[in-house]
Amino acid sequence: MAPDISDVSKDTQSLHGHEVIPPTGLAVRDLGKTFKGRPVLRDVNLAVQRGEAVGLLGPNGAGKTTSFYCVTGLISPDHGRIYLDGEDITALPMYRRARLGIGYLPQEASIFRGMTVEGNIRAVAEIVEADKAKQEELVDALLHEFSIDHLRKSPALALSGGERRRCEIARALASRPSFILLDEPLAGIDPIAVGEIREMVSHLKDRGLGVLITDHNVRETLDIIDRAYILHEGIVLMEGQPSEIVAHEGVRRVYLGERFSL
987 MAPDISDVSK DTQSLHGHEV IPPTGLAVRD LGKTFKGRPV LRDVNLAVQR
1037 GEAVGLLGPN GAGKTTSFYC VTGLISPDHG RIYLDGEDIT ALPMYRRARL
1087 GIGYLPQEAS IFRGMTVEGN IRAVAEIVEA DKAKQEELVD ALLHEFSIDH
1137 LRKSPALALS GGERRRCEIA RALASRPSFI LLDEPLAGID PIAVGEIREM
1187 VSHLKDRGLG VLITDHNVRE TLDIIDRAYI LHEGIVLMEG QPSEIVAHEG
1237 VRRVYLGERF SL
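Shown next as structure tokens:
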């Protein structure tokens, strides 16, 4: 069941020129960015709570990738703020955000190719856990959780696409994040792999993580998420549950097309 979004929806607005900052969760307020004199983001507001999956969607050039990269810390906004549990993290670099609980999985393969599967996970576990015994407990638990125990000694280079993705997510969870940002997780994968991604996102939610997804595969993404923000020409056109998005006349006109259905 999708979480109650009534409070979240209210929190995505700036009221009377004053920022409304939710005390919990990941929030973006009045985000703006200009490239070469062209506004790419215009006062974008969004929020993600723990235990929900949220999509950041829109046509090419809508600003979704720029918004996503601002949240990760890959680029800096020209104006606006980013908050984690009410604390302003706008000026923090990506590695500081990671330490505070924001995990990130890029579209491109990010495993350490010269390491084994367990070596990949241990590389992160060593950073967050000083005790060697607890490090190994964490590595073993994640290998088991993502059904890659049998691959622990395998070189990462030899993994299939699905195995690699499970290894990457297990490694990301070794840092004990509260939120995880998935960049194009559905790009170039077959229907079986789409089902695996759906199960993984559901598992992350059950773990209590908030998940933010940006992807060009709108139908598959709407099938995975609880709600989404639709961007168009740098602004949030609407926010809502998948059924509300599909029924929205403006979204159908500029993004989905009149014949789109779930």
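Heads up: take any position in the sequence shown, counting from 1, add 986, and you land on the numbering used here. Quick reminder that beta carbons are idealized off the backbone N, C-alpha and C, glycines included.
Hey, residue i and residue j: beta-carbon distance below 8 Å or not?
i        : j        : result
Tyr-1069 : Ile-1155 : no
Arg-1099 : Leu-1143 : yes
Thr-1058 : Lys-1019 : no
Gly-1049 : Leu-1032 : no
Gly-1089 : Ser-1161 : yes
Gln-1035 : Gly-1011 : yes
Ala-1116 : Val-1125 : no
Arg-1157 : Asn-1106 : yes
Arg-1138 : Glu-1182 : no
Ile-1097 : Cys-1153 : yes
Asp-1201 : Leu-1248 : no
Pro-1141 : Gly-1072 : no
Leu-1145 : Ile-1166 : no
Ile-1134 : Glu-1149 : yes
Among the options, which has the Cα closest to the Cα of residue i?
i        : options                                : result
Gly-1147 : Glu-1131, Arg-1193, Gln-1093, Leu-1190 : Gln-1093
Ile-1075 : Thr-1102, Ala-1013, Arg-1108           : Ala-1013
Asp-1016 : Asp-1029, Arg-1193, Val-1197, Arg-1085 : Asp-1029
Glu-1131 : Glu-1112, Ile-1097, Glu-1185           : Glu-1185
Val-1237 : Ile-1216, Leu-1129, Ser-1062           : Ile-1216
Ser-1164 : Arg-1024, Ala-1084, Asp-1064           : Ala-1084
Gly-1194 : Glu-1219, Leu-1223, Leu-1159, Ile-1134 : Leu-1159
Arg-1151 : Arg-1108, Asp-1192, Ala-1095           : Ala-1095
Arg-1205 : His-1218, Ile-1231, Pro-1063           : Ile-1231
Leu-1168 : Pro-1141, Gly-1196, Pro-1177, Ala-1179 : Gly-1196
Tyr-1081 : Glu-1170, Leu-1242, Val-1114, Leu-1172 : Val-1114
Glu-1219 : Asn-1046, Pro-1009, Gly-1023, Gly-1037 : Asn-1046
Gly-1226 : Leu-1078, Ala-1214, Arg-1108           : Ala-1214
Lys-1022 : Asp-1064, Leu-1060, Phe-1054, Tyr-1055 : Asp-1064
Ser-1229 : Phe-1246, Val-1240, Val-1222, Arg-1239 : Phe-1246
Gly-1037 : Asp-1192, Ile-1221, Ala-1233, Val-1240 : Asp-1192
Residue i bridges to which residues according to DSSP?
i        : result
His-1189 : For His-1189, which the question treats as bridged, DSSP gives no partner whatsoever.
Glu-1073 : Leu-1070
Met-1224 : Ile-1216
Tyr-1090 : Leu-1167
Gly-1196 : Phe-1165
Val-1232 : In the DSSP output, where bridge partners are listed per residue, Val-1232 has none listed.
Pro-1141 : Thr-1102
Stretch pair the stretch 1033-1042 + the stretch 1207-1215: three plus CB contacts closer than 8 Å
yes
Segments assigned alpha helix (DSSP H), at least 4 residues, entirely inside the stretch 1004-1086:
1050-1058, 1080-1086
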